[in-house]
Amino acid sequence: AEDGYELWLRYSLVTDQQKLNDYRNTIKGWLVDNNSPTAQIIRKELQRALTGLLGKSVPEVKSATEGTLLIGTANAAALSSLDLKNRLKNVGPEGFVIFNTKVNNKNTLVIAANEDAGMLYGVFHFLRMLQTHQPIGKLAIESTPKTKVRILNHWDNLDRTVERGYAGFSLWDWHKLPDHIDPRYHDYARANASIGINGTVLTNVNANALILTPAYLKKVTALADLFRPYGIRVYLTARFSAPIEIGGLKTADPLDAQVQEWWKRKVAEIYKVIPDFGGFLVKANSEGQPGPQNYNRNHADGANMLADAVKPFNGIVMWRAFVYDNNVPVDRTKQAYNEFKPLDGTFRGNVMVQVKNGPLDFQPREPFHPLFGAMPSTPLMMEFQITQEYLGFATHLVYLAPLFKECLDADTHAKGKGSTVARVIDGSLENHTLSGMAGVANIGNDRNWCGHPVAQSNWYSFGRLAWDHTLSAEAIADEWVRMTFSNNVAVVSNIKNIMIASRDITVKYMTPLGLHHIMGWNHHYGPGPWIKDKPRADWTSVYYHQAEEKGIGFNRTTSGSNALEQYQSPVQQLYSDPEKCDERYLLWFHHVSWDRKMKSGRTLWDELCHQYYQGADSAKWMQQQWNTLEGQVDDAQFRFVKSLLNIQQQEAVWWRNACVLYFQTFSKKPIPPGFEKPD
Ligand code: GCW
144 AEDGYELWLR
154 YSLVTDQQKL
164 NDYRNTIKGW
174 LVDNNSPTAQ
184 IIRKELQRAL
194 TGLLGKSVPE
204 VKSATEGTLL
214 IGTANAAALS
224 SLDLKNRLKN
234 VGPEGFVIFN
244 TKVNNKNTLV
254 IAANEDAGML
264 YGVFHFLRML
274 QTHQPIGKLA
284 IESTPKTKVR
294 ILNHWDNLDR
304 TVERGYAGFS
314 LWDWHKLPDH
324 IDPRYHDYAR
334 ANASIGINGT
344 VLTNVNANAL
354 ILTPAYLKKV
364 TALADLFRPY
374 GIRVYLTARF
384 SAPIEIGGLK
394 TADPLDAQVQ
404 EWWKRKVAEI
414 YKVIPDFGGF
424 LVKANSEGQP
434 GPQNYNRNHA
444 DGANMLADAV
454 KPFNGIVMWR
464 AFVYDNNVPV
474 DRTKQAYNEF
484 KPLDGTFRGN
494 VMVQVKNGPL
504 DFQPREPFHP
514 LFGAMPSTPL
524 MMEFQITQEY
534 LGFATHLVYL
544 APLFKECLDA
554 DTHAKGKGST
564 VARVIDGSLE
574 NHTLSGMAGV
584 ANIGNDRNWC
594 GHPVAQSNWY
604 SFGRLAWDHT
614 LSAEAIADEW
624 VRMTFSNNVA
634 VVSNIKNIMI
644 ASRDITVKYM
654 TPLGLHHIMG
664 WNHHYGPGPW
674 IKDKPRADWT
684 SVYYHQAEEK
694 GIGFNRTTSG
704 SNALEQYQSP
714 VQQLYSDPEK
724 CDERYLLWFH
734 HVSWDRKMKS
744 GRTLWDELCH
754 QYYQGADSAK
764 WMQQQWNTLE
774 GQVDDAQFRF
784 VKSLLNIQQQ
794 EAVWWRNACV
804 LYFQTFSKKP
814 IPPGFEKPD
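Take the numbering used here: the final residue in the sequence shown is number 822, and no numbers are missing along the way.
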């Protein structure tokens with residue numbers, strides 16, 4: 144039985160006989176005309192993959208003969224007849240081309256790129272085609288990533304605990320590094336390279352400055368050396384107070400000459416051992432973390448100081464916009480915009496501001512963050528959360544690509560219609576050369592990496608969307624299921640249906656109609672709409688749902704917090720009128736009466752009950768669908784998902800009952816007829 148360790152790189156025998164014959168005829172041998180460390184990785188991957196997929200080993204050949212898979216960069220001798228310079232002129236350093244052609248009058252298949260990384264990405268793309276049973280007879284593929292920095296953010300602490308991690312402990316065995324290299328680091332790198340991820344921030348944003356000390360930098364160097372040939376750069380979090388904590392200075396004021404000097408020396412020390420070090424990710428002046436505001440400076444002062452230090456080495460700074468301030472009594476969803484928008488144009492060219500998809504905090508559903516489109520002079524990076532902090536941890540099956548897409552496809556109207564969030568973050572809207580997408584990793588040392596077998600699809604879709612945000616959630620699910628479970632059409636469509644529906648189902652049993660932040664206190668698992676009396680109002684639930692006997696919802700219009708004013712006016716118009724507002728966001732933007740008529744014709748109260756019940760019923764539907772797969776997918780995986788879906792179903796009922804009963808104490812209305820009474 145399989146245990147999920149191999150992720151989507153299972154390379155199991157092609158089950159479609161016709162395809163198998165076709166592949167065997169087209170790929171009789173392969174040649175990687177390159178001797179870089181990356182080429183070595185490609186050789187190993189091809190051996191492993193082709194043996195598995197084609198059920199026999201395919202030899203490495205010395206020159207192009209009939210049926211050779213030819214791989215190389217533009218200057219490869221074996222590809223010299225192919226005018227590659229021209230074919231590769233638009234794909235950049237990481238893109239690739241794949242095409243069938245004749246070399247020495249023999250039929251060959253070519254995978255070519257300008258640089259090593261592109262070659263590797265091209266190979267993985269090609270292998271994916273075999274894994275998903277695509278035709279390979281008439282290929283003319285040209286692929287270039289849409290964002291430049293495609294990066295995982297690990298919230299991993301040096302003691303190996305993982306903040307909001309639900310798949311075991313950290314992969315990074317700091318204790319045994321640098322001497323012991325866990326083979327798993329290679330598999331991590333392979334998995335990332337296979338989906339185009341080219342960066343990793345090893346440490347938690349709630350950082351410990353120790354990571355910047357020489358002893359730890361040695362360990363980081365070992366990982367950086369290992370990841371390099373996979374096209375992956377290492378980045379670290381920079382704790383803003385590091386100059387005090389590990390540098391012996393009295394201040395961390397970004398305008399202090401000694402502080403600036405300290406960072407410059409620290410950065411030079413890092414680049415000496417890691418010449419391609421990517422740069423820093425910083426959480427500052429948020430949730431108690433130190434930052435420039437401690438010295439009456441602003442975010443740009445802080446970011447620019449670090450940016451100046453890494454600039455000579457082509458490093459970048461990713462400065463997070465997830466900020467909220469203990470002393471500012473304002474609707475928390477407004478604060479990032481309030482602090483960052485005025486700083487637009489003041490950041491150095493090698494700074495990106497990293498913005499969470501929504502203005503609150505990775506809720507099951509939020510509208511897009513109003514900063515997207517509001518800072519035209521600053522490259523904004525996306526921060527998605529792959530780990531399911533608010534979505535049932537690694538226990539609930541929730542496929543996140545629809546959530547990611549909902550945000551990416553949202554129209555900011557910043558430069559007229561069609562100014563989607565995707566175009567903001569890929570840099571095309573404002574012609575920024577820097578661009579990026581970060582995903583808070585859901586990876587730990589669990590044997591299956593992500594806790595839930597299907598949670599692997601969220602890592603996978605993040606990478607695929609960072610490469611190409613135009614891919615649909617359906618298409619990505621299709622690939623992933625074929626690679627991970629089976630190419631059987633019925634199986635694929637069954638699992639895909641579950642995945643595609645899962646996010647909306649989860650929203651329904653957790654936070655329908657725009658509700659948000661009503662989960663359990665602190666751990667964020669399970670329902671807790673009753674949470675109140677905490678050190679900060681915005682750490683409670685009652686602050687967000689505002690339920691009272693007349694109605695429910697957070698008023699963010701002009702008569703309320705007016706958070707809506709932070710959006711462009713067409714977006715404001717979309718949401719400001721409760722009669723026109725998309726009901727999925729109704730209680731996010733409006734406080735409305737329990738008796739309000741909804742599109743369904745029901746009252747708000749009845750509709751709320753309906754959605755909670757529907758959500759819980761649909762969790763049962765997911766179970767039933769999954770159960771039909773017995774015998775058609777790997778048995779161990781089948782049973783594991785089955786038991787997790789059982790928990791999810793019970794907890795969907797728990798969410799439903801808790802929320803319906805709690806809100807009923809305000810609405811004082813009966814559960815609509817036909818629904819079993821919660822207990
Ligand atoms: O969502 C909140 C989490 C914190 C996290 C913070 C952040 C890393 O509950 O655990 O800290 O966001 O994104 O900085």
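All residues carry an ideal CB built from backbone N, CA and C; glycine is no exception.
Any non-hydrogen atom of the ligand GCW closer than 7 Å to residue i Cβ
i: serine 761; result: no
i: arginine 475; result: no
i: tryptophan 462; result: no
i: lysine 811; result: no
i: aspartate 552; result: no
i: aspartate 302; result: no
i: aspartate 504; result: yes
i: phenylalanine 465; result: yes
i: arginine 307; result: yes
i: tryptophan 298; result: yes
i: serine 313; result: no
i: glycine 684; result: With the sequence shown as reference, residue 684 is identified as serine, and glycine is not the correct amino acid for it. False, no ligand heavy atom lies under 7 Å from that Cβ.
i: glutamate 430; result: yes
i: glutamate 532; result: yes
i: lysine 426; result: yes
i: valine 348; result: yes
Cα-Cα separation between residue i and residue j, rounded to whole angstroms
i: threonine 394; j: aspartate 302; result: 27 Å
i: alanine 255; j: glycine 265; result: 7 Å
i: glutamine 451; j: valine 425; result: According to the sequence provided, residue 451 is aspartate. The question's glutamine does not apply to it. Each residue's Cα considered, the two are about 15 Å apart.
i: isoleucine 586; j: histidine 539; result: 16 Å
i: tryptophan 592; j: glutamine 528; result: 16 Å
i: serine 736; j: proline 721; result: 11 Å
i: histidine 595; j: glutamate 149; result: 14 Å
i: glycine 703; j: tyrosine 728; result: 16 Å
i: threonine 275; j: phenylalanine 809; result: 52 Å
i: serine 786; j: glycine 774; result: 16 Å
i: arginine 475; j: serine 600; result: 31 Å
i: isoleucine 294; j: arginine 440; result: 28 Å
i: valine 541; j: tyrosine 652; result: 12 Å
i: serine 562; j: lysine 812; result: 43 Å
i: serine 313; j: serine 200; result: 36 Å
i: proline 326; j: glutamate 188; result: 15 Å
i: aspartate 259; j: leucine 212; result: 17 Å
i: alanine 182; j: isoleucine 387; result: 44 Å
Terminal residues of the alpha helix (DSSP H) in which residue i lies
i: threonine 808; result: 778 to 810
i: methionine 272; result: 259 to 274
i: methionine 626; result: 616 to 627
i: asparagine 630; result: Per DSSP, asparagine 630 belongs to no alpha helix (DSSP H) and is neither H nor E.
i: lysine 415; result: 400 to 416
i: glutamine 183; result: 180 to 197
i: valine 240; result: Careful: valine 240 lies outside any alpha helix (DSSP H), inside the beta strand (DSSP E) at 239 to 246.
i: valine 453; result: 442 to 453
i: phenylalanine 483; result: 478 to 483
Exposed unless 16 or more other CB atoms sit within 10 angstroms - verdict on residue i
i: proline 435; result: buried
i: threonine 169; result: buried
i: valine 890; result: Lying before the first or after the last residue shown, residue 890 is absent from the chain, which here runs from 144 to 822.
i: leucine 156; result: exposed
i: histidine 575; result: buried
i: aspartate 589; result: buried
i: asparagine 698; result: buried
i: glycine 559; result: exposed
i: glutamate 622; result: buried
Bounding residues of the beta strand (DSSP E) (the contiguous stretch that carries residue i)
i: asparagine 173; result: The amino acid occupying residue 173 in the given sequence is tryptophan; asparagine does not appear at that position. It spans 172 to 175 - the beta strand (DSSP E) in which tryptophan 173 sits, taken as one unbroken run.
i: threonine 489; result: Run containing threonine 489: none; DSSP gives neither H nor E here.
i: glutamate 773; result: Element bounds for glutamate 773: n/a, residue is neither H nor E.
i: tryptophan 462; result: 459 to 463
i: arginine 824; result: Nothing can be reported for residue 824, as the shown portion of the chain is limited to 144 through 822.
i: glutamine 716; result: That residue, glutamine 716, is in no beta strand (DSSP E); its alpha helix (DSSP H) goes 712 to 719.
i: isoleucine 214; result: 211 to 216
i: lysine 249; result: 249 to 256
Any chain C beta carbon closer than 8 Å to residue i
i: valine 650; result: You won't find chain C in this structure, because it holds only one protein chain.
heavy atom of the ligand HEM below 7 Å from residue i C-beta
i: proline 816; result: Among the ligands in the structure shown, the ligand HEM does not appear; only the ligand GCW can be found there.
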